[in-house]
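Enquirer: Adding 87 to a residue's 1-based position in the sequence shown gives its number in this note's numbering. Ideal Cβ positions, reconstructed from N, Cα and C, are used throughout, including at glycine.
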Amino acid sequence: MSKIVRLHFLASHIFLLLCFALHIFVRPYNSFPWSNFISFLTLFITTIIHPLLGLGVLSFVIPFTANVYEHLDALFQIRLLILDLLSIDTVIGFILAILFKDIYLKKWDFGLKGIQDKTRFLAYLLIIFHLIIILTVAIGISRNLYQAASAFSFQGLFHNLINIRYAGLYDDYFPLKDLFIFTAVITLSIRLLALVRTKFQLYQSILAPLFAASAIILTYAVYSKITGIGYNRDGAEFGVNSFFPDLHAYGGYAVAAFLGALYYLKSSNKILRIIAGAYSLLAAVGVVVSSSRFSIVMLLLSILIYLVYFIKTKSEKPLLTFAFIALVGVAAAILLNHWGDRDLFRYLAQVPKAKSFAEFSTVLSDRPDIFRSVLLMYSQYPILGLGKGIFYRQSSFGEFSDSAFFAGIYNGENAHNYFLQILAETGFVGFSVFCFIFVYQAFFLKNRYKQIVTLLIIGIFLGNLYGHSLLIPNILVILFILLGAANTEVQDSSDQQEVLYKNLSQHWRYFLIAAATALVIAATMEVKTSYGKVPFQPRFVCHKAAYYEDQQTGGLFEGNYKVTGKTMKVKYTNHNPENKTYPLTIDFDLEQSGKNIYHHKRNINSPRQYENNFDISQISSGSDIMLRIKTSRCFTPINMGMNWDNRRLGIQLIEVSFE
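(1) How far does the alpha helix (DSSP H) with residue 468 in it reach, from first residue to last?
(2) Could you tell me if the beta carbon of residue 424 falls within a distance shorter than 8 Å of some heavy atom in the ligand FAD?
(3) Roughly how far, in whole angstroms, is the beta-carbon of residue 270 from the beta-carbon of residue 122, given that I think they are within contact range, below 8 Å?
(4) Taking the Cβ atom as the reference point for each residue, do residue 103 and residue 177 lie within a distance shorter than 9 Å?
(5) To the nearest angstrom, how far is it from the Cα of residue 689 to the Cα of residue 678?
(6) Please classify residue 150: is it buried, with 16 or more other beta-carbons within 10 angstroms of its beta-carbon, or exposed?
(7) Check the C-beta distance from residue 458 over to residue 501 and give it rounded, since I have them as a contact under 8 Å.
(8) Between which two residues does the beta strand (DSSP E) containing residue 702 stretch?
(9) Could you give the DSSP three-state label for residue 763: helix, strand or coil?
(10) Return the chain-ordered ranges of every alpha helix (DSSP H) run that is complete within the segment 109-157 and spans a minimum of 4 residues.
(11) Quick one: residues in its chain with C-beta nearer than 8 Å to the C-beta of residue 654, no 5 flanking neighbours on either side, listed in chain order?
(12) So, with DSSP's three-state summary, where would you put residue 719?
(13) Ordered along the chain, which non-local residues of its own chain (more than five positions away) have a Cβ less than 7 Å from that of residue 514?
(14) Do you know how far the Cα of residue 420 is from the Cα of residue 368?
(15) Considering only their Cβ atoms, is the gap separating residue 485 from residue 478 smaller than 9 Å?
(16) Could you please give the first and the last residue of the uninterrupted alpha helix (DSSP H) stretch that includes residue 690?
(17) By Cβ distance, which residues of its chain are closer than 7 Å to residue 95, with the 5 residues on each side in sequence left out?
(18) Using only the alpha-carbon positions, how far apart do residue 624 and residue 233 sit?
(19) DSSP on residue 724, reduced to helix/strand/coil?
(20) May I ask you to report which of helix, strand or coil DSSP gives residue 348?
(21) Less than 9 Å between the beta carbons of residue 412 and residue 393, yes or no?
(22) With three or more C-beta pairs closer than 8 Å as the rule, is the segment 597-614 touching the segment 449-463?
(23) Could you check if residue 281 is buried or exposed, using at least 16 other CB atoms within 10 Å of its CB as the buried criterion?
(24) Could you check whether residue 715 and residue 644 sit closer than 9 Å to each other, using their CB atoms as the reference points?
(25) Within a Cβ cutoff of 7 Å, which residues of the same chain sit near residue 289, ignoring the five residues on either side of it in sequence?
(26) Note the first and the last residue of the continuous alpha helix (DSSP H) segment covering residue 513.
(27) Spatial neighbours of residue 692 within its chain, please: CB distance less than 6 Å, with the 5 preceding and 5 following residues excluded, ordered by chain position.
(28) Using C-beta distances below 8 Å, list every residue in its chain close to residue 460, excluding the 5 sequence neighbours before and after it, in chain order.
(29) Assuming residue 564 and residue 174 form a contact by the criterion Cβ under 8 Å, report the distance between their Cβ atoms to the nearest whole angstrom.
(30) Whose C-beta lies closer than 6 Å to the C-beta of residue 622 among residues of the same chain, with five residues either side of it excluded?
(31) May I ask which residues mark the beginning and end of the beta strand (DSSP E) holding residue 678?
(32) Any idea which residues DSSP pairs residue 711 with across the strands?
(33) Over the uninterrupted beta strand (DSSP E) stretch that includes residue 744, give me the two end residues.
(34) Within a Cβ cutoff of 6 Å, which residues of the same chain sit near residue 549, ignoring the five residues on either side of it in sequence?
(35) Below 9 Å between beta carbons: does that hold for residue 544 and residue 556?
(36) Please work out which residues of its chain come closer than 7 Å, Cβ to Cβ, to residue 97, disregarding the five sequence neighbours upstream and downstream, and give them in chain order.
Laid out in structure tokens, this is it:
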């Protein structure tokens with residue numbers, strides 16, 4: 088097993104290095120991405136100096152990496168080319184530096200040999216989840232290919248697979264993006280299991296930098312709310328987002344910071360309690376200024392639960408702590424009244440009055456309808472899900488999502504609940520492993536320092552029950568940094584309990600083998616039968632109307648014409664040289680009053696000008712007809728070829744005339 092772990096570990100590093108080099112040095116933009124490269128190089132150098140120093144720098148800078156470009160521009164009018172996934176580039180610098188040191192020192196066990204069995208089991212769970220990500224990404228790509236939404240030539244396949252990060256306005260499909268991100272965070276987490284071993288290392292290299300960064304983020308948010316200075320996507324008067332893309336992501340982060348501060352209110356160190364009190368007040372105000380309604384609800388619930396906890400535990404200083412936390416709650420309520428609560432309490436009051444599911448969903452910001460739709464989509468592919476990374480696109484098809492929110496208003500969106508998105512994209516298998524990883528960390532690793540780590544993880548999870556901040560890579564990085572701290576001074580139990588599977592009886596082992604075999608067979612059948620089912624059909628992605636100034640048709644063209652003769656002449660040009668190998672199929676249809684009156688199919692295999700003549704003598708002169716042109720197969724995703732290679736779907740119409 089150890090050899091497999093080392094092989095997986097090394098393969099992950101190689102994959103990340105290749106992806107990073109590919110996107111830095113082989114790129115669809117003219118300028119060199121110095122910001123990303125310097126971020127990578129900074130972490131690489133500091134980690135070479137000392138791994139714990141590099142980890143401290145990483146923990147401090149990661150919270151700022153999601154939205155730094157807009158704030159540099161808003162505050163200092165500094166405009167830099169900063170590519171998407173800056174946080175992942177930073178992580179790669181850290182983990183590659185440690186790998187370099189291991190190779191130089193000939194430490195071929197990568198530091199994993201020294202960790203205890205219980206912690207090693209957590210590493211195995213992470214590897215299993217990584218393999219599920221790889222499998223579901225492959226399933227997603229294969230289904231996308233069946234939809235004919237990706238290129239089928241080697242050149243086109245390369246162009247689409249290289250598209251890991253956002254590079255242009257029309258980019259909407261990133262086949263390997265999730266694999267790139269999860270490979271980075273899982274490798275980081277496993278690496279930290281061997282690196283962070285003492286409470287001093289935990290505090291110095293993870294918690295202290297995170298709390299310092301959070302203090303800056305929270306202070307900046309409050310300052311931005313008061314002055315209006317800085318970048319706020321929805322306007323400071325509505326709600327601030329600090330260094331995050333939107334107010335919901337920031338609000339969830341502020342809730343996690345608040346929970347972390349509450350933990351230290353019970354410290355025996357008086358100075359630390361004072362700092363924790365000031366920090367909790369700052370975090371509470373930070374949640375309020377976000378104007379994220381769910382985050383505000385979580386803040387108020389956290390205060391209430393904490394008060395009940397102190398009453399029941401009969402702390403030595405219950406009155407002082409009780410009064411302070413109550414004061415924080417009162418301050419939050421006053422500020423809500425001052426800055427506005429976005430009708431939070433009015434909507435909550437309407438919940439019991441809702442007379443239908445539609446009304447109930449409306450007062451809760453459409454979340455019930457969104458969740459219903461996600462569960463409906465999941466039910467179609469329950470074992471391994473839709474495929475990692477393709478939820479956004481597949482949800483845009485109303486026939487599949489059965490949701491006006493997904494298909495009508497936004498033309499595809501995320502699930503607005505990270506756990507439901509994991510469930511929909513990786514199925515019951517991926518969702519179960521993901522959840523068990525954190526259950527195992529919280530309940531099975533005997534670690535007296537895990538409480539603060541677990542509390543921060545819970546805080547991050549709270550922000551994803553009604554939102555999706557874990558889709559933002561730097562929040563996911565923070566989550567897996569905290570998970571990697573699970574090995575801090577782990578204590579073996581006195582009876583030296585073995586891992587559960589070693590104690591199973593023979594009957595239970597046979598049962599588990601049979602269940603696993605049945606699951607594999609069912610999953611195989613689910614994947615095999617999915618091709619051709621909704622939504623994995625070419626009609627959802629190929630035959631989409633696209634309009635170009637030069638009359639390129641896209642996958643679907645529809646035009647209305649008035650008949651002025653007995654023959655319709657259609658002149659067009661096929662520009663794609665790949666049709667020599669992969670012939671282009673063109674379907675011409677003429678419709679009148681909603682009825683198909685003429686159909687013609689043609690296959691062409693060379694790039695040149697063509698002409699088709701259609702006999703329409705049976706149609707009276709002066710009547711209206713519609714010409715529909717469908718082309719298959721598609722070459723690129725829905726974004727109509729803007730995925731760097733600039734190839735476009737369809738044919739170029741030269742002239743439509745009558746004789």
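Expert: Let's see:
(1) In the sequence shown, residue 468 corresponds to position 381, counting from 1. Taken as a continuous stretch (DSSP letters only), residue 468 belongs to no alpha helix (DSSP H), as it is neither H nor E.
(2) Annotation note on the ligand FAD: not contained in the displayed structure, which lists no ligands.
(3) For this step, residue 270 is matched to residue 183 along the sequence shown. For this step, residue 122 is matched to residue 35 along the sequence shown. That pair is no contact at about 22 Å.
(4) Here residue 103 refers to the residue found at position 16 when the sequence shown is read from its first residue. Here residue 177 refers to the residue found at position 90 when the sequence shown is read from its first residue. No, the Cβ-Cβ distance between residue 103 and residue 177 is not below 9 Å.
(5) Locating residue 689 in the sequence shown gives position 602, counting from the first residue. Locating residue 678 in the sequence shown gives position 591, counting from the first residue. Straight-line Cα distance between these residues: approximately 18 Å.
(6) The residue labelled residue 150 in the question sits at position 63 within the sequence shown. Residue 150 is buried by the Cβ-count criterion.
(7) Within the sequence shown, the letter at position 371 stands for residue 458. Within the sequence shown, the letter at position 414 stands for residue 501. In fact, because the Cβ distance is near 12 Å, the residues do not count as touching under 8 Å.
(8) Residue mapping note: residue 702 aligns to position 615 of the sequence shown, counting from 1. Unbroken beta strand (DSSP E) run through residue 702: 696-702.
(9) One cannot answer for residue 763 here, as it falls past the ends of the chain, which runs 88 to 746.
(10) 121-136 and 138-148
(11) Residue 654 sits at position 567 when you count from the first residue of the sequence shown. Excluding positions up to five away in sequence, the list reads 700, 701, 702, 703, 704, 745 and 746.
(12) Reading the sequence shown from its first residue, position 632 is the one you call residue 719. Note: residue 719 maps to strand in three-state DSSP.
(13) Here residue 514 corresponds to residue number 427 of the sequence shown, with the count starting at 1. Taken in chain order, the residues that qualify are 468, 469, 470, 471 and 472.
(14) Counting from 1 along the sequence shown, the entry for residue 368 is found at position 281. Counting from 1 along the sequence shown, the entry for residue 420 is found at position 333. Whole-angstrom Cα-Cα distance: 12 Å.
(15) Position 391 of the sequence shown, counting from 1, holds the residue named residue 478. Position 398 of the sequence shown, counting from 1, holds the residue named residue 485. No, they are not a contact pair.
(16) Taking the sequence shown and counting its residues from 1, the one referred to as residue 690 is at position 603. Run containing residue 690: none in the alpha helix (DSSP H); it sits in the beta strand (DSSP E), 682-691.
(17) Within the sequence shown, residue 95 is the residue found at index 8, counting from 1. Closer than 7 Å at the Cβ level, and outside the excluded window around residue 95, lie 214.
(18) What you label residue 624 is simply residue 537 of the sequence shown in a count that begins at 1. What you label residue 233 is simply residue 146 of the sequence shown in a count that begins at 1. Straight-line Cα distance between these residues: approximately 7 Å.
(19) Walking along the sequence shown from the start, residue 724 turns up at place 637. Summary for residue 724: the model assigns pLDDT 45, below 50, so the residue's position carries little reliability, and this model does not support an answer.
(20) What you label residue 348 is simply residue 261 of the sequence shown in a count that begins at 1. Residue 348 falls in the helix class under three-state DSSP.
(21) As a working note, residue 412 is residue 325 in the sequence shown. As a working note, residue 393 is residue 306 in the sequence shown. Yes; because the gap between Cβ atoms is below 9 Å, this pair is in contact.
(22) no
(23) Translated into positions along the sequence shown, residue 281 becomes position 194. Burial call: buried.
(24) For the purposes of this step, residue 644 is taken as the residue at position 557 of the sequence shown. For the purposes of this step, residue 715 is taken as the residue at position 628 of the sequence shown. Taking 9 Å as the Cβ cut-off, residue 644 and residue 715 qualify as a contacting pair.
(25) The residue you call residue 289 lines up with position 202 of the sequence shown. These residues qualify, in order along the chain: 283, 536, 572 and 575.
(26) Residue 513 sits at position 426 when you count from the first residue of the sequence shown. 505-530 is the span of the alpha helix (DSSP H), which, as asked, contains residue 513.
(27) Along the sequence shown, one-based indexing puts residue 692 at 605. These residues qualify, in order along the chain: 666, 667 and 670.
(28) Within the sequence shown, residue 460 is the residue found at index 373, counting from 1. The answer, listed in chain order, is 482, 488, 489, 490, 492 and 493.
(29) Residue mapping note: residue 564 aligns to position 477 of the sequence shown, counting from 1. Residue mapping note: residue 174 aligns to position 87 of the sequence shown, counting from 1. Contact flag correct, Cβ pair sits at about 5 Å.
(30) On the sequence shown, position 535 is the one that residue 622 refers to. Around residue 622: 481, 484 and 487.
(31) Translated into the one-based positions of the sequence shown, residue 678 becomes position 591. Residues 671-679.
(32) Indexing the sequence shown from 1 puts residue 711 at position 624. Note: residue 711 sits in a beta bridge opposite 649.
(33) Translated into positions along the sequence shown, residue 744 becomes position 657. Unbroken beta strand (DSSP E) run through residue 744: 739-745.
(34) Here the question's residue 549 lines up with position 462 in the sequence shown. Closer than 6 Å at the Cβ level, and outside the excluded window around residue 549, lie 342 and 385.
(35) Numbered from 1 along the sequence shown, position 457 holds the residue referred to as residue 544. Numbered from 1 along the sequence shown, position 469 holds the residue referred to as residue 556. Cβ distance not < 9 Å, so residue 544 and residue 556 don't count as in contact.
(36) Locating residue 97 in the sequence shown gives position 10, counting from the first residue. Same-chain partners within the cutoff: there are none.
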